[in-house]
Structures are given as C-alpha cells and as structure tokens.
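**Student:**
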C-alpha cells in the first residue's frame with residue numbers, strides 16, 4: 002500500500018526547504034525509513050528513501066506521516082526507533098493516521114491524541130489506553146504532538162515552529178506557504194460552513210473590527226450587536242463558520258498579539274496585558290502559561306537570547322527527523338531530520 006504523499010509533503014514543506022535567504026531557520030532534513038529505496042505513495046508516484054532508521058538516533062523531532070493500512074503490524078524496528086527517540090527526549094509528531102504508529106509503539110498510552118475524524122473511533126477501539134480527542138485539529142501532550150487529517154498537519158508543524166522560534170518566524174513561514182499563520186489545536190476539524198453564505202458575510206467585518214480593538218473589554222454580545230444578530234445566533238453561526246467559539250477566538254487573538262509584542266517590543270508585561278485586553282498581568286500570565294506552557298517573561302527572554310546569539314550559533318540548534326510509518330514487509334518509509342536556528346533552546 003502507498004504512503005500519504007501530501008502528509009509527507011507537509012513535513013518537507015515546513016522543515017525541508019531552505020528559507021535562509023529570508024532570515025528564517027534552516028534544518029538538517031532527511032527522508033528515511035525502515036528500508037531504503039523507492040516507496041510507493043497513494044498519489045501514484047514513488048518517493049526515494051535514501052536513509053535508514055539510524056537517522057532517528059540524533060533527531061530532536063520525528064514526524065510520522067500517514068499511511069493507508071491502519072490495522073496491519075508495523076515494522077518492529079520502526080516502533081523501537083520511535084520509542085528510543087522518545088526516551089532520548091525527542092519530540093514526536095504524527096500527521097493524520099500516523100497516530101496509529103505512535104499508539105502501536107505504546108507512546109500514547111495514558112495520553113490525549115488526535116487523528117483524522119474518520120479514524121478516531123478505530124483508534125479508540127484498537128488502543129483503549131489512548132484518550133482520543135475526536136474533534137480537534139491537533140493535541141500536544143508532553144513530547145507528543147498528534148494532528149488530525151491532511152491540512153491539520155500544517156497547523157501542527159507550524160505550532161512547533163512557533164514554539165521554537167516565536168510567532169514572527171511562524172508567521173513568516175506560513176506566509177511563504179500561503180496558509181493561515183495560526184489555528185488553535187482545539188479548533189474543530191470539521192467546519193460546517195467553510196464558505197460563508199451571503200447572510201453571514203458581515204462576520205468578516207466584525208472579526209476585523211474585533212482584532213483591531215483587542216485592548217477593549219469585548220463581549221460576545223458586543224460582537225453580535227455589530228453583526229446585527231442575537232448573541233445566541235451569532236455564537237451558532239460563528240461556530241459553524243470558524244469551527245470554534247467566539248470566546249476562544251478572542252483569547253487566541255489576544256495571545257497571538259501578546260506573543261508578537263513580547264518578541265518585538267520593550268513593553269512591560271503589564272503594558273502588554275492591557276494592550277491585548279487581558280486587563281491585568283496576572284490574567285495574561287494565567288492564559289499564557291495554560292496555552293503556551295511558559296510565562297510571558299520567560300517567552301520574551303528566550304527570544305531575546307536567541308536574537309543576541311544570532312541564527313548561526315552552533316549550540317542549541319535543533320535537529321528534527323520525520324519518519325514515515327512502514328509496515329512489516331514494506332520496502333521503506335519516509336522521514337526527515339532537521340536543524341533549526343533557535344540558539345536559545347536545546348531542541349523540542
């Protein structure tokens with residue numbers, strides 16, 4: 002059976018292209034698998050795999066793309082390579098059905114995980130010790146980041162770029178890829194109305210206005226009023242169109258703005274909190290730590306240290322690999338390895 006070319010291409014696009022001419026991080030990237038040689042894809046063309054599983058031995062990030070056969074045994078050498086990488090402290094990402102490889106390796110036992118909505122029930126049945134999140138784009142639980150199907154893998158990979166290099170760099174990579182800079186992991190996989198009906202066209206204007214007034218104490222009823230809707234109707238149509246709630250969208254917008262201000266200005270944490278509409282620095286710290294896993298001050302310090310060190314500093318470069326999920330008897334799979342340029346961190 003062929004491998005998912007699109008899902009593999011996501012890792013190649015985010016981590017495999019040299020964008021150093023724009024001052025963006027560069028990575029030591031490789032495609033590898035249990036066996037070298039041509040590997041068929043579901044798109045009808047093969048991928049030439051030049052590296053074996055030994056490439057995982059020094060990777061700081063392993064990306065496992067999708068593959069079509071979900072209930073077949075996976076090559077035990079690959080499973081052990083994934084376990085070894087996790088034991089060593091590497092971050093492991095799966096895209097779409099790649100979560101089945103992580104689950105079969107036992108890496109997701111007792112952890113939250115996501116996969117394509119079509120396969121969520123199957124993942125739950127086969128691996129009852131995994132807490133499958135059925136309707137989210139991606140889930141980060143410890144060193145493991147699992148994403149839903151297809152394009153959700155882009156969101157997950159950009160999330161890693163954002164973690165390692167900050168919002169400005171992630172936004173620049175997203176701009177090169179012509180994709181949204183950030184979609185929160187908790188956003189629903191299935192958006193009921195991806196193309197707004199004419200009656201809903203006013204929502205875009207309302208959201209643009211809200212994004213320009215984040216320093217104000219915005220309420221859902223305020224946004225509903227600008228859309229000439231009741232609060233309940235606005236919330237329902239917002240969820241159908243955007244795949245998330247108005248409150249969560251506002252929080253995500255405020256956190257993104259806070260990240261940019263912390264990275265690019267000398268505003269105090271108190272000033273950032275008020276500029277972003279959090280009201281107090283304690284509220285900003287609470288939400289920042291809950292959603293980003295770090296304090297605002299620590300976030301700023303990390304990226305200020307990175308700027309002083311410069312992008313070519315050898316220490317602290319991150320190495321990442323992406324691993325296809327070959328099964329027993331397959332000719333091979335694909336994965337990639339990279340080095341990134343955030344000298345303030347030892348790796349994901």
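In the numbering used here, the protein residues as written are 2 to 349.
Heads up, the beta-carbon is just placed ideally off N, CA and C, and yes, glycines get one too.
In this text, all values refer to a predicted model and were calculated from it rather than measured experimentally.
Would you be able to state if there are at least three C-beta pairs under 8 Å between the stretch 9-18 and the stretch 151-160?
**Tutor:** The stretch 151-160 is in contact with the stretch 9-18.
**Student:** In its own chain, which residues sit with a C-beta less than 8 Å from the C-beta of residue 285, not counting the 5 before and 5 after it?
**Tutor:** In the chain shown, the residue the question calls residue 285 occupies position 284. Once the five neighbours on either side are set aside, the close Cβ partners of residue 285 are 259, 270, 273, 274, 277, 279, 297.
**Student:** Using CA atoms only, rank isn't needed, just tell me which of 163, 54, 267 is closest to residue 388.
**Tutor:** Since the first and last residues shown for the chain are 2 and 349, residue 388 lies out of range.
**Student:** Taking just the CA atoms, how far does residue 134 sit from residue 105?
**Tutor:** In the chain shown, the residue the question calls residue 105 occupies position 104. In the chain shown, the residue the question calls residue 134 occupies position 133. If I take the Cα positions, the gap works out to 17 Å.
**Student:** Look at the alpha carbon of residue 120 and the alpha carbon of residue 136, and state the distance between them as a whole number of angstroms.
**Tutor:** For the purposes of this step, residue 120 is identified with residue 119 of the chain shown, where counting begins at 1. For the purposes of this step, residue 136 is identified with residue 135 of the chain shown, where counting begins at 1. Between residue 120 and residue 136, the C-alpha separation is close to 11 Å.
**Student:** Could you name the residues that DSSP lists as bridge partners for residue 136?
**Tutor:** Along the chain shown, one-based indexing puts residue 136 at 135. Paired residue(s): none; residue 136 is not in a bridge.
**Student:** What three-state label does DSSP hand residue 84 in the structure shown?
**Tutor:** For the purposes of this step, residue 84 is identified with residue 83 of the chain shown, where counting begins at 1. Looking at residue 84 - three-state DSSP - the assignment turns out to be helix.
**Student:** Can you tell me whether DSSP reads residue 144 as helix, strand or coil?
**Tutor:** Here residue 144 refers to the residue found at position 143 of the chain shown. Note: residue 144 maps to coil in three-state DSSP.
**Student:** Extract the residue ranges of the beta strand (DSSP E) inside the stretch 217-272, only unbroken runs of 3 or more that lie entirely within it.
**Tutor:** Correct list: empty.
**Student:** Identify whether residue 154 lies in helix, strand or coil by the three-state DSSP scheme.
**Tutor:** The residue you call residue 154 lines up with position 153 of the chain shown. If DSSP states are grouped into helix, strand and coil, residue 154 belongs with the helices.
**Student:** Pull up the distance between the alpha-carbon of residue 323 and that of residue 224, whole angstroms please.
**Tutor:** Taking the first residue of the chain shown as 1, we reach residue 323 at position 322. Taking the first residue of the chain shown as 1, we reach residue 224 at position 223. Residue confidence is low: residue 323 scores 38 on pLDDT, short of 50, so the model does not pin down where it sits. No coordinate-derived value is stated.
**Student:** For residue 177, tell me which candidate among 20, 289, 39 has the shortest Cα-Cα distance.
**Tutor:** As a position in the chain shown, residue 177 is number 176, starting the count at 1. It is 20 whose Cα lies nearest to the Cα of residue 177.
**Student:** Give the list of continuous beta strand (DSSP E) stretches no shorter than 3 residues that lie fully inside the stretch 92-135.
**Tutor:** 92-95, all fully within the stretch 92-135.
**Student:** State the start and end residues of the unbroken beta strand (DSSP E) segment that holds residue 40.
**Tutor:** Counted from its first residue, the chain shown places residue 40 at position 39. 38-41 is the extent of the beta strand (DSSP E) around residue 40.
**Student:** Do you know how far the Cα of residue 98 is from the Cα of residue 148?
**Tutor:** Position 147 of the chain shown holds residue 148. Position 97 of the chain shown holds residue 98. Distance between the alpha carbons of residue 148 and residue 98: 9 Å.
**Student:** Using beta-carbon positions only, say whether residue 144 and residue 87 come within less than 9 Å of one another.
**Tutor:** Here residue 144 corresponds to residue number 143 of the chain shown, with the count starting at 1. Here residue 87 corresponds to residue number 86 of the chain shown, with the count starting at 1. Cβ atoms of residue 144 and residue 87: closer than 9 Å.
**Student:** What separation, rounded to the nearest whole angstrom, lies between the Cα atoms of residue 28 and residue 71?
**Tutor:** For this step, residue 28 is matched to residue 27 along the chain shown. For this step, residue 71 is matched to residue 70 along the chain shown. Roughly 30 Å separates the two Cα atoms.
**Student:** Classify residue 49 as buried or exposed, calling it buried when 16 or more other Cβ atoms lie within 10 Å of its own Cβ.
**Tutor:** Mapped onto the chain shown, residue 49 falls at position 48. Classification of residue 49: exposed, given that the 10 Å Cβ count is below 16.
**Student:** How would you call residue 4, buried or exposed, if buried means at least 16 neighbouring beta carbons within 10 angstroms?
**Tutor:** For this step, residue 4 is matched to residue 3 along the chain shown. Result: buried.
**Student:** Throw me the rounded Cβ distance for the residue 212 and residue 254 pair, which I believe falls under 8 Å.
**Tutor:** Start at 1 with the first residue of the chain shown, and residue 212 comes out as number 211. Start at 1 with the first residue of the chain shown, and residue 254 comes out as number 253. Their Cβ separation, rounded to whole angstroms, is 6 Å, which keeps residue 212 and residue 254 in contact under 8 Å.
**Student:** Looking at the structure shown, is residue 52 part of a helix, part of a strand, or coil, going by DSSP?
**Tutor:** One-based indexing of the chain shown puts residue 52 at position 51. Three-state DSSP puts residue 52 in a strand.
**Student:** Checking the sheet assignment: what are the DSSP bridge partners for residue 62?
**Tutor:** Residue mapping note: residue 62 aligns to position 61 of the chain shown, counting from 1. Residue 62 pairs with 92.
**Student:** Alpha helix (DSSP H) containing residue 282: first to last residue?
**Tutor:** In the chain shown, the residue the question calls residue 282 occupies position 281. Unbroken alpha helix (DSSP H) run through residue 282: 282-293.
**Student:** Using the beta-carbon count (16 or more within 10 Å), is residue 238 buried or exposed?
**Tutor:** Here residue 238 is taken as the residue at index 237 of the chain shown, counted from 1. Buried, because 16 or more other Cβ atoms sit within 10 Å of the Cβ of residue 238.
**Student:** Between residue 85 and residue 58, is the Cβ-Cβ spacing less than 9 Å?
**Tutor:** Looking up residue 85 in the chain shown gives position 84. Looking up residue 58 in the chain shown gives position 57. It is a contact, given that the beta carbons lie within the stated cut-off.
**Student:** With a CB to CB cut of under 6 Å and the five nearest residues on each side skipped, what residues in its chain are close to residue 101?
**Tutor:** On the chain shown, position 100 is the one that residue 101 refers to. For residue 101, where only same-chain residues beyond five positions count, the Cβ hits under 6 Å are 71.
**Student:** What does the alpha-carbon distance come out to for the pair residue 54 and residue 34?
**Tutor:** As a working note, residue 54 is residue 53 in the chain shown. As a working note, residue 34 is residue 33 in the chain shown. Straight-line Cα distance between these residues: approximately 6 Å.
**Student:** Is DSSP giving residue 163 helix, strand or coil here?
**Tutor:** Taking the chain shown and counting its residues from 1, the one referred to as residue 163 is at position 162. Looking at residue 163 - three-state DSSP - the assignment turns out to be helix.
**Student:** Between 68, 77, 80, which lies nearest to residue 96 when the distance is taken from Cα to Cα?
**Tutor:** Within the chain shown, the letter at position 95 stands for residue 96. Measuring from the Cα of residue 96, the nearest candidate turns out to be 68.
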